[in-house]
Every structure is written in structure tokens, then in C-alpha cells.
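Below you'll find the structure, written out as C-alpha cells, and then a few comments.
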Amino acid sequence: MAGGSTRIRLRPVVGTERVWMGDDIDPRLEVEPGDALDASLRWVAHVDDPAHRRRLALRAVTTAVRTGGVHRLKPHSDLLTGLDDAILDLVDAADALHSGDRRGAEVLLDGVVGSALRLDAEAVVLAAQVAADATVQAASSASWADAVAGVDRTTRLLEGLDDLTEDSARSDGRSREDVLSGIRFDLRGVSALVEFHTSRAPSAPSAALEALTTALAPARSARMLGAVHGFALLAQGSVLDGRRELRGAASSLSAALPLLAPARPALARWARAELALVRARQGRWEEARILAEQLAEPSEVDAVPDHLVPAVRAVMAALGGRLGESLRLARSVPTSAPHPIPFIASTLASHALVAGSIGRNDWAALHDTLDDIEQQQHRTVFDETEWTALRALALWHLDRLDEYRALHALWARSAVADSAYCLVHSAILARIDGQTAETLRLTQLAVDALDRDYDPLGRTWVRIVAGTHVSLLGDPVEGLTHYEDARAELLTLGAEGFAALCTGIIRSTSDALAERSGDVLAALTDQQRRVAQLVAEGHTSAEIGGMLHLSRKTIDFHVANILVRLDLRTRREITRMLRAERPGG
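Numbering follows the UniProt record's numbering, in which position 370 of the sequence shown is assigned residue number 370; successive positions increment by one, without gaps.
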């Protein structure tokens, strides 16, 4: 930056961490970060000795970088004139990062590394801090080669710091150690992300993730997590989300969020957005909705838009059945922009496009979306089984049966051939081939294979296919039970739009059964018929439960399903219908 003016970088204050001002500063000026920069600048202005003035100016710059106040240096640029060009270049690099010009920052950093290593320890720590910030930003935008180069660049600076003599490496006490610890944790987090997103076997054991987990373990077990661990926890949670270890992902992301929020708002937004996605994938949609609502647009001081708000709202709209709104929001997230956007934004938007395509029965759009996802530089949050199931779903509905059969043949020979998704697609192919008994057998195996580890919408889709198969090829009344199970789960999730689709299927099937048989109760199971008769006789749910040795909750569940199957609204209407069917009314 030699000869230029200092640019502006803005990062909020680091919580309540105190900033060490140096042994030669009045101890009364060891203040909170919000005041530390003003105090250090005042001391620079009142010192005449050039060497002393330079040390104080360097501490002012260091304080500004650590506490997010680089923009406040601009009015005081005359106080920084004695600093080395390398230090001023670091200020420019920090400002470039805030402005979204990471490559510009990296060019400056590459020029600074050699110079900084010839300066004192505080300059090297400052360079390492800015270099680590650039490395994290590269990882957040899925620039994996740049992230690897950033790890190497920052590591060189840390190694250079170790080589400094005791005289030149004056101790800053706990403040410097915290900074160095934070840098090292940042690099571990970046390494875990890089390994996951570039590995050919992302579900295989991960050395980088294991190293990160081991490094975090002492602080986690001692409940001593601090700001230095924030990004490492975020990276750990993001990798676990991609590996579909959702409980661990939620734990890490929840821990990261408050640690990142004060000092690193962009990363805190990433943590909140990814945690919303994890909660949605766990079926905890209300928590996901709250997290999405808490994700406000970036403040005016955040120079680069991250597009996280429309991305996460697109997911929630798709899950809520607001498919048009979801499509509009997802398409507003750019696939390319003047400045790199966080890969979590494209992950969320892609997730919304997949869910929305299925909800709209737009199978060409689903196929195209999956193709687009494969071109991304980061992995999806779909595991191998989910991804294959989505590919198969699109091919089946597009009637590309040769490709569908070829994909299924590979799938059926894999280690996950016994998954509910693979089994239900086996049942679909058996139905296409006219194998009725095999279709029903495989369908039941698929339903039996479902457990809580499956994606909630994936579970309901399997149940809906089961309802279709059993209704068409077996007992239509039993088939309705599968639809009801899917509908109940969707209502629990809060997916009213998808639940309404199940309700429509149940009612149309019930009407068809009644019309064919001439029996208005044809759609009811034997158990439901007994419950309906007792309701018509005026018994309460508690009384019916006692008669049938069932809980009141179970009776209420039966009554709700009876109302849906018969397209009625109240228990009184059940009574009226059954009385009308009796001889003599």
C-alpha cells in the first residue's frame, strides 16, 4: 500500500475480551475493546520518540484489526506514517477482505509474508491474523485451493513467529496467546472443511475432522469454550451436517453461534443458517422457522451481501408448501456474483429447489437442479442414499426407464441396498414389470426399514408410495392407513401444504371405495367402524377407549382419520351419517 491511503475495514467488538496495551502504557488504559483503540491512538499522538511512537502505532493497528475498528484509523492516518509499508499493506488487506475482495487481500498478503517475518513478533501476529481471516473467507466460499494456500501462508507466519528470539518476541500475555490459539483453531476448521468437500469418500473416516474434534475436546468437556473456538465449532458442525450426523452437527453449531456473534457476524450468520437447515432435516421445523426469522439482513456496515436470508426462507417456504414463494426466493440467490457468496447460501437454495420441484411434481426441474448441484464446488447435504433416491425419482417420473433401471441396478448391488429408499424403488420397478406380489412384499420391507434417521419428507414419501401400491394392488382400506401415517407426520412437522395433498388422496380414494361398494363406510377399517359406531351412540373418547382397551389419544387419532376418510368435520356429523344409513333413518 506504499504511497496510498489506508482503507477501511469493519468488524464488531470482540465480546468483553480486554485488550492489552503494553507495559509502557498507563495501566488505567487497559480498557474494554470499545475504548482501547481511542486510548491507544491518544497515546500515539502524545509520544515524540519515533521508535516508541512506532510501537504504539502498531499496537493501535493491532487493536483495530482484533476489535473490528480498522475503519476508525482513517481519520488518524497521520499517526501511522512511521509504520512499515508491510503493516500498512496489512491494513489494506484487512479492508479488502471486508469489501469482498479476497483475491486482492491475498495478493497483498503474499507480498507481506516475507516482510513481516523480518519485523517484530507483534507484526507477525497481525499478519497471521489477517492471513487466517482470508483463509476462512476462502473456505466459506468453497474456494478450496485458495483455502489450502491460505493454511500454508498462515502456517509459515506462525512458524516464523516461533523462530523469533525471546528479546524480539515480547509477551503480550494472555491476549496474544488467545489470538494465536484462535488462529490455530481456525486453520484446523478450514482443514476439516477442505478434506470433506474434496474427498472422494466424504462418509469415510476423516483425519482432519478427528484432529479438530480432538483439539476441541478439552475445552468442550471443561465447558471452557470461548471466541477462539467459534469458527472451529462452525466448521465441525458443517462437516457433520454434510455427513448426516445431525445431532452432533446441531450441538456444534449451537455452541458456535454465541461465540461468533460478537466478533465475526458473517460467520455467525452462516452458523444460524446451517443450524436452521439441520433442525429442518431433523424434523424440528418450528425451531428451524425461529432460526430463519432471527436471521436478519446484514447490517449496513457489512459491505458484501451474503444472500442467506432469501436462501433460508426459500427452504422454509418449500417445507411449508408455499412453493411459488420458495421458487422465487431460491432463484434470487445468485449462482455467481461480483464477490464470492458463502457456499451455505447455495446449499440452502439448492435444497429449496429440490423440495419445491417435488412439491410441484416438476420432474424436469428436479433433474436439472440435481445436474446443477453436481457442478457446485462443494458437497451437498444429501447423503449417497438420498442423492441416488432423488436421481431415481426424477428418472422414473420422466419415463427414462432405461436410465432408471441402470441406476437402480448399481444401487441394488451397493452397501445400502437395504435402505428404505432403495427398497421402495425396487417395488416401483416390480410394479412396472407387473409383479404384484413382489411389489407388495418390497413395499412392506421399505416401510419396515423406516426409522427416525431418515429425512422426515423422505419418510412420508415412502409412506405415500406404499399407500399407492397397497391401494392399487392390495387392500385399498389398508392403503389408506399408509396415507394417514404420512399425513400425521406431515402435520406434526407443520408441513400443512404437503399434508393437504395427503388429505386429498385419502378423500378421493374413500369416495371411490364408497361409490364402488355402495357402503359409505367402505373406506374404514374394522377398528374404525367400531369407533365410528360408538361415536354415533354418543360415547366420549375416554369411554370408547375403556370399551376397546385403547388410550384416549388413540381413539382421538382414529376419530380424526375417520373424519378425513369420510370428508366430515365433526363427531356430530359421524352420528348423522350413521343414523341416515340405518333402516328407517
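C-beta atoms are modelled at their ideal positions from N, C-alpha and C, and glycine is treated no differently.
*Return the residue from the list ALA235, ASP78, VAL381 and LEU257 that minimises the CA-CA distance to VAL136.*
Here residue 136 corresponds to residue number 136 of the sequence shown, with the count starting at 1. When each option's Cα is compared against that of VAL136, the closest is ALA235.
*Spatial neighbours of ARG431 within its chain, please: CB distance less than 6 Å, with the 5 preceding and 5 following residues excluded, ordered by chain position.*
For this step, residue 431 is matched to residue 431 along the sequence shown. If we look at ARG431 and ignore the five residues flanking it on each side, its Cβ neighbours are THR439.
*Check whether the Cβ atoms of TRP411 and THR388 sit closer than 8 Å, and answer yes or no.*
Position 411 of the sequence shown, counting from 1, holds the residue named residue 411. Position 388 of the sequence shown, counting from 1, holds the residue named residue 388. Cβ distance < 8 Å, so TRP411 and THR388 count as in contact.
*What whole-angstrom Cβ distance do LEU524 and ALA532 have, given they're in contact under 8 Å?*
Working through the sequence shown from its first residue, we reach residue 524 at position 524. Working through the sequence shown from its first residue, we reach residue 532 at position 532. Confirmed, about 6 Å.
*Under the rule that 16 or more other beta-carbon atoms within 10 Å means buried, what is residue 590, buried or exposed?*
Past the boundaries of the shown model lies residue 590; the chain is included only from 1 to 585, so the question cannot be answered.
_Meets three-Cβ-pair contact criterion under 8 Å: the region 271-284 and the region 239-253_ = yes
*Have a look at ARG11 and PRO265 and give me their C-alpha separation to the nearest angstrom.*
Your numbering for residue 11 matches position 11 in the sequence shown. Your numbering for residue 265 matches position 265 in the sequence shown. Residue placement at ARG11 is flagged as unreliable, the pLDDT there being 32, under the threshold of 50; the coordinate-derived value follows with that caveat. Rounded to whole angstroms, ARG11 to PRO265 spans 8 Å at the Cα level.
_Boundaries (first-last residue) of the alpha helix (DSSP H) holding MET224_ = Position 224 of the sequence shown, counting from 1, holds the residue named residue 224. Where MET224 is concerned, there is no enclosing alpha helix (DSSP H), given that its DSSP letter is neither H nor E.
_Once the 5 residues before and after ARG565 are set aside, which same chain residues still bring their CB inside 7 Å of it?_
Locating residue 565 in the sequence shown gives position 565, counting from the first residue. The residues are LEU480, ILE506, SER510, ALA523 and LEU524.
*Pick from ASP433, ARG269 and ARG284: whose alpha carbon is nearest that of ALA311?*
By one-based count along the sequence shown, residue 311 stands at place 311. The shortest Cα separation from ALA311 among ASP433, ARG269 and ARG284 belongs to ARG269.
*With distances taken between CB atoms, is the gap from ALA355 to LEU450 smaller than 8 Å?*
The residue given as residue 355 occupies position 355 in the sequence shown. The residue given as residue 450 occupies position 450 in the sequence shown. Against a cut-off of 8 Å, the Cβ pair of LEU450 and ALA355 comes out as no contact.
*Within the region 34-115, note down every full alpha helix (DSSP H) run reaching 4 residues or more, in order along the chain.*
For the alpha helix (DSSP H) assignment, the uninterrupted runs of no fewer than 4 residues enclosed by the region 34-115 are, from N- to C-terminal side, 50-67 and 85-98.
*Integer Cβ distance of GLU386 from ASP455, believed to fall under 8 Å*: If you number the sequence shown from 1, residue 386 lands on position 386. If you number the sequence shown from 1, residue 455 lands on position 455. Yes, GLU386 and ASP455 are in contact; Cβ-Cβ is about 7 Å, under 8 Å.
*Okay, do the region 75-82 and the region 118-127 touch, 3+ Cβ pairs below 8 Å being the bar?*
no
_Rounded separation between PHE196 and GLY237 - CA only_ = Here residue 196 refers to the residue found at position 196 when the sequence shown is read from its first residue. Here residue 237 refers to the residue found at position 237 when the sequence shown is read from its first residue. About 12 Å.
*Just the C-alpha distance for GLY160 and LEU193, rounded to the nearest angstrom, thanks.*
Working through the sequence shown from its first residue, we reach residue 160 at position 160. Working through the sequence shown from its first residue, we reach residue 193 at position 193. The alpha-carbon atoms of GLY160 and LEU193 are separated by roughly 25 Å.
*Taking the alpha helix (DSSP H) that ILE341 falls in, what are its first and last residues?*
Counting from one through the sequence shown, the residue named residue 341 turns up at place 341. Taken as a continuous stretch (DSSP letters only), ILE341 belongs to no alpha helix (DSSP H), as it is neither H nor E.
*Roughly how far, in whole angstroms, is the beta-carbon of LEU233 from the beta-carbon of SER252, given that I think they are within contact range, below 8 Å?*
Counting from 1 along the sequence shown, the entry for residue 233 is found at position 233. Counting from 1 along the sequence shown, the entry for residue 252 is found at position 252. The pair is a contact, with the Cβ atoms about 5 Å apart (cut-off 8 Å).
*How should GLU210 be labelled, buried or exposed, when 16 other C-beta atoms within 10 angstroms of its C-beta is the threshold for buried?*
In the sequence shown, the residue the question calls residue 210 occupies position 210. Result: exposed.
*Please work out which residues of its chain come closer than 7 Å, Cβ to Cβ, to LEU442, disregarding the five sequence neighbours upstream and downstream, and give them in chain order.*
Translated into the one-based positions of the sequence shown, residue 442 becomes position 442. The residues are LEU423, SER426, ALA427 and ALA430.
*Can ALA280 and ALA314 be called in contact, C-beta distance under 8 Å?*
The sequence position of residue 280 within the sequence shown is 280, counting from 1. The sequence position of residue 314 within the sequence shown is 314, counting from 1. In this structure, ALA314 does not lie closer than 8 Å to ALA280 by Cβ.
*From ALA116, VAL278, PHE343 and LEU393, residue whose alpha carbon lies closest to that of PRO305*: Locating residue 305 in the sequence shown gives position 305, where the first residue counts as 1. Nearest option by C-alpha distance: PHE343.
*What do you get for HIS549, buried or exposed, if any count of 16 or more other CB atoms within 10 angstroms of its CB means buried?*
Residue numbering aside, residue 549 sits at position 549 when the sequence shown is read from its first letter. That one is exposed.
*asked:* Just to confirm before moving on: does the CB-CB distance between VAL113 and VAL65 stay below 8 Å?
replied: As a working mapping, residue 113 is identified with position 113 in the sequence shown. As a working mapping, residue 65 is identified with position 65 in the sequence shown. No; because the gap between Cβ atoms is not below 8 Å, this pair is not in contact.
*Could you please give the first and the last residue of the uninterrupted alpha helix (DSSP H) stretch that includes residue 618?*
A question about residue 618 goes unanswered here, because the residues of the chain that appear run from 1 up to 585.
_Span of the alpha helix (DSSP H), counted from its first residue to its last, around PRO310_ = If you number the sequence shown from 1, residue 310 lands on position 310. Run containing PRO310: 308-319, per the alpha helix (DSSP H) assignment.
*Return the chain-ordered list of same chain residues with a C-beta closer than 8 Å to the C-beta of ILE464, the five sequence neighbours on each side being excluded.*
For this step, residue 464 is matched to residue 464 along the sequence shown. Only HIS482, TYR483, ALA486, CYS502 and ILE505 meet the Cβ criterion.
*Cα separation between SER326 and HIS539?*
Position 326 of the sequence shown holds residue 326. Position 539 of the sequence shown holds residue 539. Distance between the alpha carbons of SER326 and HIS539 is about 45 Å.
*Do you know offhand how far SER168's Cα is from ARG153's?*
The count along the sequence shown starts at 1 and reaches residue 168 at position 168. The count along the sequence shown starts at 1 and reaches residue 153 at position 153. Any reading at SER168 must be qualified, since the residue scores a pLDDT of 43, below 50, and its modelled position is unreliable; the value itself is stated next. About 22 Å.
*Which residues bound the alpha helix (DSSP H) around THR509?*
By one-based count along the sequence shown, residue 509 stands at place 509. Here the alpha helix (DSSP H) through THR509 covers 496-517.
*asked:* Tell me which residues share the same chain as ARG459 and place their Cβ nearer than 7 Å to its Cβ, disregarding the 5 neighbours each side in the sequence.
replied: For this step, residue 459 is matched to residue 459 along the sequence shown. Correct list, in chain order: LEU450 and GLU489.
*Along the alpha helix (DSSP H) that carries GLN528, what are the first and last residues, could you check?*
On the sequence shown, position 528 is the one that residue 528 refers to. Taken as a continuous stretch (DSSP letters only), the alpha helix (DSSP H) holding GLN528 covers 526-536.
*Report the rounded CA-to-CA distance for SER414 versus ARG176, giving the unit in angstroms.*
Here residue 414 refers to the residue found at position 414 when the sequence shown is read from its first residue. Here residue 176 refers to the residue found at position 176 when the sequence shown is read from its first residue. Between the alpha carbons of SER414 and ARG176 lies a gap of roughly 52 Å.
_Using CA atoms only, rank isn't needed, just tell me which of GLY226, LEU246, GLY283 and GLU293 is closest to LEU260._
The sequence position of residue 260 within the sequence shown is 260, counting from 1. Closest by alpha carbon: GLY226.
_Inter-residue spacing [alpha-carbon to alpha-carbon] between VAL520 and ALA560_ = The residue you call residue 520 lines up with position 520 of the sequence shown. The residue you call residue 560 lines up with position 560 of the sequence shown. For VAL520 and ALA560, the distance between alpha carbons rounds to 17 Å.
*asked:* Whole angstroms are fine: how far does the CA of VAL70 sit from the CA of LEU41?
replied: The residue given as residue 41 occupies position 41 in the sequence shown. The residue given as residue 70 occupies position 70 in the sequence shown. The straight-line gap from Cα to Cα measures roughly 12 Å.
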